[in-house]
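**Student:** Here the numbering used here = 1-based position in the sequence shown + 234.
Virtual Cβ for every residue (Gly too), placed ideally from N, Cα, C.
The structure is given below, and queries will be raised subsequently.
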Amino acid sequence: MHRTAFLLRPLLLLCLVLGAPALADEPDVDAGRRQLETIATRLERYEHDAELAKAREAVLEIQAAAQALIDGRTPELQSLDARLAELGEVPEGQDEPGDVARERRVLQDQRAAVDAELRQARLAVVEGTQLLERIATLRQQRFFGMLSERTTPPWRPAFWRQLAASAPRDLGRVRKLWHAVVEASREHWKAAGLQPLVSLGLAVLLAAGAWWLGRRIPELATRHVPPGRLRRSAPPTLRVLLALVAALCVAQLVRGALLPDAPPAAVAALAGHALALAVFVAVATALGSALLSVDRPSWRLPAISDAGARALRVFPLPAALVIALASLGQEVVRLAATSLDLAVAITGLSAALCVALVLVVLLRIQRLQPLADAGDAPQVHFRPWMNVAVSLGWIGNAVAFLGLVAGYVALSAFVGMQVIWAVMVAATAWLAMRFVDDLVCTVLASRGAAGRRINTRFGIEPRLVDRAAVLLSVALRAVVALAALIALAMPWGAGGTDLVDRSMQLLRGITIGELVLSPRNIVRALLVFAGASLLLHLFRRWLERRLLPTTRMDEGMRASVATLVGYAGMVLAIAMALAAIGVGLERIAWIASALSVGIGFGLQAIVQNFISGLILLAERPVKVGDWVVVGDAEGDIRRINVRATEIQTGDRTTVLVPNSELITKAVRNRTYANAEGLVKIQLPMPLSTDPDRVRDLLLEVFREHPAILETPAPSVAIDNITNDRIVFSASGYVPSPRQASATRSALLFEILRRLRAQEMPPG
235 MHRTAFLLRP LLLLCLVLGA PALADEPDVD AGRRQLETIA TRLERYEHDA ELAKAREAVL
295 EIQAAAQALI DGRTPELQSL DARLAELGEV PEGQDEPGDV ARERRVLQDQ RAAVDAELRQ
355 ARLAVVEGTQ LLERIATLRQ QRFFGMLSER TTPPWRPAFW RQLAASAPRD LGRVRKLWHA
415 VVEASREHWK AAGLQPLVSL GLAVLLAAGA WWLGRRIPEL ATRHVPPGRL RRSAPPTLRV
475 LLALVAALCV AQLVRGALLP DAPPAAVAAL AGHALALAVF VAVATALGSA LLSVDRPSWR
535 LPAISDAGAR ALRVFPLPAA LVIALASLGQ EVVRLAATSL DLAVAITGLS AALCVALVLV
595 VLLRIQRLQP LADAGDAPQV HFRPWMNVAV SLGWIGNAVA FLGLVAGYVA LSAFVGMQVI
655 WAVMVAATAW LAMRFVDDLV CTVLASRGAA GRRINTRFGI EPRLVDRAAV LLSVALRAVV
715 ALAALIALAM PWGAGGTDLV DRSMQLLRGI TIGELVLSPR NIVRALLVFA GASLLLHLFR
775 RWLERRLLPT TRMDEGMRAS VATLVGYAGM VLAIAMALAA IGVGLERIAW IASALSVGIG
835 FGLQAIVQNF ISGLILLAER PVKVGDWVVV GDAEGDIRRI NVRATEIQTG DRTTVLVPNS
895 ELITKAVRNR TYANAEGLVK IQLPMPLSTD PDRVRDLLLE VFREHPAILE TPAPSVAIDN
955 ITNDRIVFSA SGYVPSPRQA SATRSALLFE ILRRLRAQEM PPG
């Protein structure tokens with residue numbers, strides 16, 4: 235009777251809200267450990283999954299009590315250690331004062347007692363964790379063993395003869411349970427007066443109001459939600475949430491109207507199960523209606539055509555009802571303690587309903603996608619992912635049908651229910667992920683309301699705000715995806731709480747020696763790194779904008795100092811982050827020495843360029859703003875990075891030169907000692923030319939140009955005399971080598987113009 239109850243119970247967790255058991259203020263660790271030993275010895279004797287579930291709950295209570303004791307007594311142990319440290323060590327060869335010795339003995343006795351109790355509590359936590367692993371493994375083994383169990387197929391007459399033989403007894407027990415429900419309800423109506431009628435009236439009004447409000451949600455979203463993706467994903471999400479809240483409230487009102495506060499245990503269990511299933515049906519129906527949106531195609535989120543939405547609109551309610559009726563039948567069988575034959579019959583009926591429903595859905599989708607005529611493109615009703623889902627649906631339905639025919643009723647029901655459950659979970663997760671992404675990116679992005687406030691109040695750049703919004707969206711969607719995976723894995727023999735407990739064990743951290751890698755420590759390290767980086771950024775900006783401009787340093791030197799401070803601050807921030815997770819300076823040095831081998835072999839070039847960059851910043855053979863010539867590259871140094879130096883050439887292109895080349899190769903620095911640039915012109919003239927006139931003309935042109943410096947003064951010399959010409963060399967200085975090219979061109983234009991004016995053509 236209990237062997238098939240596991241198939242449908244996990245589905246109720248979508249709507250049930252369970253309360254955590256209260257723990258005692260002063261737990262008895264020894265009694266808890268004895269109870270753990272008792273559970274461990276009796277574990278193999280448990281025949282039903284319900285007994286294993288109760289044992290698991292007991293272990294969780296003991297484990298929680300032990301953890302509460304650890305959390306409560308650890309500060310006391312730390313306080314005792316601090317008081318003993320204040321007393322100091324016992325002096326060697328000297329008698330300690332009597333009052334100090336007594337105080338030391340009392341503190342040591344108290345510390346020993348607390349430490350022993352904490353050790354016992356930690357041992358209880360470890361033993362509980364091991365026992366939970368055993369329980370989870372045993373439940374999964376029995377689960378898969380039950381799936382492989384074969385019964386009499388429903389199409390054989392023997393199955394119906396067995397069912398008919400046990401029918402009188404089963405009907406009597408079911409009738410007894412029903413009479414208990416009716417009697418509890420009748421007694422409640424007699425004693426409550428008008429309260430049940432008022433509760434039912436409120437339930438009807440609440441259901442009608444929720445239906446009316448759900449119809450108006452798209453209009454309200456158009457008025458109050460900003461334009462964008464959120465305006466389309468908010469209405470279906472709000473409709474589903476409204477259906478959930480309204481269904482929970484209506485369920486509570488109906489329960490209060492039909493049953494007393496403390497009905498019999500079986501009646502309370504059946505009523506709670508039925509009302510939870512009603513909530514599940516309401517939410518699933520609202521989910522299907524919101525996603526398909528047949529009446530408002532413009533608000534439809536999935537990429538489904540109107541014909542596809544109309545074809546699928548009738549299936550959300552039957553799918554939810556199949557799950558609800560099957561689960562309710564299993565609960566009735568369990569509470570009424572009927573025979574295994576009736577349980578198998580109800581399970582087989584559930585499997586048949588699931589197979590029939592999935593088959594109708596698949597055929598309806600198949601008819602929507604007819605082959606196109608020659609030359610005509612078929613109409614696309616669904617995205618390509620639907621083909622994958624349809625293929626998986628055919629496979630799952632075939633397995634369920636064959637299992638039902640062959641007599642593997644539990645396997646058939648499980649596969650059929652899992653197909654429907656997977657579709658519902660996937661639809662819910664898809665809607666939640668879409669809404670979370672739209673909400674975060676709309677509200678927290680740089681153009682959103684919260685993003686603009688963050689930008690204006692805290693001065694954070696818009697791109698950083700957008701980056702934070704994207705990362706938060708990814709994190710929240712990952713949480714939704716994890717919840718969906720847990721929901722999908724629940725029917726596979728491991729409850730969702732089992733998966734959560736295993737996840738929480740991972741969240742407590744991985745111990746490597748004395749280092750504990752846990753999410754808490756990692757988050758702490760990230761916060762420390764972010765805080766240190768923020769302080770570094772503020773200090774560096776203050777250094778660049780306020781302090782360094784008041785010194786006698788030139789612009790290049792100020793840039794070098796700021797860059798060195800940035801490197802040092804980054805190293806300090808990383809060291810502080812490592813220290814936050816328990817990596818001390820000695821461990822950092824050990825890690826650095828261990829990595830040095832790999833750096834020496836695989837990262838030689840990178841480390842060489844990094845060290846060269848530090849030398850450039852410290853020694854300053856070249857600095858930001860210098861005009862340098864490195865190989866074929868000539869231009870201004872714009873920035874000295876970790877690996878390479880940026881040089882902007884005259885044609886406004888940027889050349890990245892590895893830092894090692896600036897250290898190991900010849901570099902011409904035109905502004906290293908003197909920032910002035912040289913303009914030199916060679917002018918060939920005929921041998922018959924008067925050299926004094928040419929010299930005076932060149933000096934006059936140089937002196938009249940505004941870019942030529944007076945000191946050093948321009949000069950003209952004869953560079954060479956050949957058979958038919960004289961080569962004059964004129965030179966002058968400009969404030970910067972960057973002006974040399976333009977000034978030389980202007981001087982040549984002026985010299986040619988004056989030579990022609992004086993009829994002195996160049997040779």
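Quick check on R268: buried or exposed, where buried means 16 or more other Cβ atoms within 10 Å of its Cβ?
**Tutor:** Exposed is the call here.
**Student:** Are the CB atoms of V762 and I654 nearer to each other than 9 Å?
**Tutor:** No, the Cβ-Cβ distance between V762 and I654 is not below 9 Å.
**Student:** Would you list the one or two residues that DSSP bridges to K914?
**Tutor:** According to DSSP, which records beta bridges pairwise, K914 is partnered with S965.
**Student:** Does the beta-carbon distance from I871 to V863 come in below 9 Å?
**Tutor:** No, Cβ-Cβ distance for I871 and V863 is not below 9 Å.
**Student:** Could you check what DSSP says for E323 in three-state terms: helix, strand or coil?
**Tutor:** The answer is coil: DSSP assigns E323 none of H, G, I, E or B.
**Student:** Tell me whether V643 is buried or exposed, calling it buried when 16 or more other Cβ atoms sit within 10 Å of its Cβ.
**Tutor:** Per the 10 Å Cβ criterion, buried.
**Student:** Considering only their Cβ atoms, is the gap separating A964 from L912 smaller than 9 Å?
**Tutor:** Their beta carbons are not under 9 Å apart, which means L912 does not touch A964 by this criterion.
**Student:** Spell out a yes or no on whether the region 922 to 934 and the region 875 to 892 are touching, meaning 3 or more CB-CB pairs, one atom from each, closer than 8 Å.
**Tutor:** With a cut-off of 8 Å, the region 875 to 892 and the region 922 to 934 do not count as touching, because too few Cβ pairs lie within range.
**Student:** Taking just the CA atoms, how far does A358 sit from R547?
**Tutor:** Going from the Cα of R547 to the Cα of A358 covers about 53 Å.
**Student:** Return the CA-CA distance between A878 and G847, expressed in angstroms with no decimal places.
**Tutor:** The alpha-carbon atoms of A878 and G847 are separated by roughly 8 Å.
**Student:** Who are the Cβ neighbours of A703 in its own chain at under 6 Å, not counting the five residues just before and after it?
**Tutor:** Closer than 6 Å at the Cβ level, and outside the excluded window around A703, lie V674, C675, L678 and A679.
**Student:** Along the beta strand (DSSP E) that carries L890, what are the first and last residues, could you check?
**Tutor:** Looking at the DSSP string, the run of the beta strand (DSSP E) that includes L890 is T888 to P892.
**Student:** If you draw a straight line from the alpha carbon of L597 to that of G630, how long is it in whole angstroms?
**Tutor:** Straight-line Cα distance between these residues: approximately 14 Å.
**Student:** Measure the CB-CB distance between M658 and A518 and report whether it falls below 9 Å.
**Tutor:** For M658 and A518, yes; Cβs fall inside 9 Å.
**Student:** Assuming contact is defined by CB atoms lying nearer than 9 Å, are G865 and T883 in contact in what I supplied?
**Tutor:** Contact: no.
**Student:** Nearest to I451 by CA position, among P469, L602, P460 and P996, is which residue?
**Tutor:** Here the closest residue by C-alpha is P469.
**Student:** What are the boundary residues of the alpha helix (DSSP H) that T456 is part of?
**Tutor:** T456 -> alpha helix (DSSP H) spans Q429 to H458.
**Student:** Quick one: what's got a C-beta closer than 6 Å to A491's C-beta in the same chain, skipping five residues either side?
**Tutor:** P430, S433 and L434, listed in sequence order.
**Student:** Between the alpha carbons of S707 and L562, how many angstroms are there, rounded?
**Tutor:** Rounded to whole angstroms, S707 to L562 spans 38 Å at the Cα level.
**Student:** Verify whether the separation of the beta carbon atoms of L478 and V513 is less than 9 Å.
**Tutor:** Yes, Cβ-Cβ distance for L478 and V513 is below 9 Å.
**Student:** Secondary structure at P177, three-state DSSP: helix, strand or coil?
**Tutor:** Because the chain spans 235 through 997 in this model, residue 177 falls outside it and cannot be assessed.
**Student:** Could you give the residue range of the alpha helix (DSSP H) that holds D672?
**Tutor:** First-last of the alpha helix (DSSP H) with D672: V643 to V677.
**Student:** Could you compute how far the alpha carbon of L303 sits from the alpha carbon of I720?
**Tutor:** Rounded to whole angstroms, L303 to I720 spans 30 Å at the Cα level.
**Student:** How far does the alpha helix (DSSP H) with H720 in it extend, from its first residue to its last?
**Tutor:** With the sequence shown as reference, residue 720 is identified as Ile, and His is not the correct amino acid for it. Where I720 is concerned, the enclosing alpha helix (DSSP H) stretches over P696 to A723.
**Student:** Express the C-alpha separation of D333 and T275 in angstroms, rounding to a whole number.
**Tutor:** If you take the alpha carbons of T275 and D333, they lie about 51 Å apart.
**Student:** Is A560 closer than 9 Å to C588 when the C-beta atoms are compared?
**Tutor:** Contact flag set, yes.
**Student:** I need the boundaries of the alpha helix (DSSP H) containing G522, first residue and last residue.
**Tutor:** First-last of the alpha helix (DSSP H) with G522: A499 to L526.
**Student:** Mapping the DSSP letters down to three states, classify E944 as helix, strand or coil.
**Tutor:** Looking at E944 - three-state DSSP - the assignment turns out to be coil, as it is neither helix nor strand.
**Student:** By the DSSP assignment, the beta strand (DSSP E) with I871 in it spans what residues?
**Tutor:** Counting along the chain, the beta strand (DSSP E) containing I871 begins and ends at A867 to I874.
**Student:** Checking the sheet assignment: what are the DSSP bridge partners for T883?
**Tutor:** Answer is G869.
**Student:** Under DSSP, the beta strand (DSSP E) around I952 begins and ends at which residues?
**Tutor:** That run of the beta strand (DSSP E) goes S949 to I955.
**Student:** Could you tell me the distance, in whole angstroms, from the CA atom of V566 to the CA atom of R530?
**Tutor:** Rounded to the nearest angstrom, the two C-alpha atoms are 40 Å apart.
**Student:** When DSSP labels each residue in this structure, what does R463 get in the three-state scheme?
**Tutor:** R463 falls in the coil class under three-state DSSP.
**Student:** Buried or exposed for E361, going by 16 or more other Cβ atoms inside 10 Å?
**Tutor:** With 16 or more other Cβ atoms within 10 Å, it is buried.
**Student:** Which value, in whole angstroms, describes the spacing of the CA atoms of M919 and L982?
**Tutor:** So the alpha carbons of these two residues sit roughly 14 Å apart.
**Student:** Which parts of the region 386 to 415 are runs of the alpha helix (DSSP H), unbroken and 4 residues or longer, counting only runs that do not cross its ends?
**Tutor:** Runs of the alpha helix (DSSP H) inside the region 386 to 415: 391 to 399.
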